[in-house]
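> In the numbering used here, the protein residues as written are -11 to 183.
This is the structure I want to talk about, given as structure tokens.
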Amino acid sequence: MAEAYITHLPPIFHDIPEFLEIAKTVEKEVQLLEAEIEQIFRNRFVQTANEYAIKRREKILKIQADPETESLDFRKRRIINRQSTKVPFTLRFLQDRLNFLVGEGRAAVSADWLSSILSIAADIGDAKVFKEVEHTIKTVKPASMVYQQQTALSNTILFKEHISMRQVTRMTRLSTTWKLGSTPFAAGGKEVIIK
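Dropping the structure here:
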């Protein structure tokens, strides 16, 4: 590795041990410099940027991110979403944005043009994604339309029904010899399962 640097020096320095050691050090520094230049190039694009570049872009876009609870991938998708919301907007554009944020087929956009209602049915299980969807809709929705959120959770609840009966005999009849504390109020029979 040090040969690349030492070849740039005059031949008289090639046999001096100090210059050979300097050449090794310079070569390591050049490798680190090349790696940093490559990272700077990758930081120009959101999808290949590191956390430092993402943090800088979030500051520019005034996004308050929480790195402890939000993944770097989600933060990148949010930045791409914010930067790609430019006018003019169409229903197809909004559907594409929602597919990008929540996943293909998990959100449906419909519009009632006569009533000026924009309806969106979405299956969103993550609060951070829901906030970003809400921000996108507020940005894209025309001022003349009313936004109507419809939840479309695909989870189901299963339950089983059991019916049972127990005969209860009341022990506290009027004008009897029932005594408080010594005889129970009621006596329960055996439980019978009906269904």
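By construction, the Cβ of each residue, glycine as well, lies at the ideal position given by its N, Cα and C atoms.
With H, G and I counted as helix, E and B as strand and the rest as coil, what does DSSP make of Leu106?
The residue given as residue 106 occupies position 118 in the sequence shown. Strand at Leu106.
> Tell me which residues share the same chain as Gln27 and place their Cβ nearer than 7 Å to its Cβ, disregarding the 5 neighbours each side in the sequence.
Within the sequence shown, residue 27 is the residue found at index 39, counting from 1. Around Gln27: Asn38.
> For Ala23, write down the residues that DSSP places opposite it in a beta bridge.
Along the sequence shown, read from residue 1 onward, the residue named residue 23 stands at position 35. Its beta-bridge partners do not exist; DSSP assigns none.
> Output the boundary residues of the beta strand (DSSP E) element that contains Thr157.
Position 169 of the sequence shown, counted from the start, is the residue given in the question as residue 157. Its beta strand (DSSP E) spans residues 152 to 158.
> With a threshold of 6 Å on Cβ separation, who are the neighbours of Met(-11) within its own chain once the five nearest residues in sequence on each side are excluded?
Sequence index remark: in the sequence shown, residue -11 carries index 1 (1-based). Per-residue confidence for Met(-11) stands at a pLDDT of 49, beneath the threshold of 50, marking its modelled position as unreliable; the derived number appears in the next sentence. Glu15, listed in sequence order.
> When the Cα atoms are used, what is the spatial distance from Glu17 to Tyr(-7)?
Against the sequence shown, residue 17 aligns to sequence position 29. Against the sequence shown, residue -7 aligns to sequence position 5. Take the alpha-carbon of Glu17 and the one of Tyr(-7): they are about 11 Å apart.
> Using DSSP with H/G/I as helix, E/B as strand and the rest coil, what is Met(-11)?
Sequence index remark: in the sequence shown, residue -11 carries index 1 (1-based). Low per-residue confidence applies at Met(-11): pLDDT is 49, beneath 50, and the placement is therefore not dependable, though the value from the model is reported in the following sentence. Coil at Met(-11), not helix or strand.
> Whole-angstrom Cβ separation of Leu106 and Val134, contact assumed at under 8 Å?
Locating residue 106 in the sequence shown gives position 118, where the first residue counts as 1. Locating residue 134 in the sequence shown gives position 146, where the first residue counts as 1. Leu106 to Val134, Cβ: 7 Å. Contact.
> Tell me which residue opens and which closes the beta strand (DSSP E) that Ala175 is part of.
As a position in the sequence shown, residue 175 is number 187, starting the count at 1. It spans 174 to 181 - the beta strand (DSSP E) in which Ala175 sits, taken as one unbroken run.
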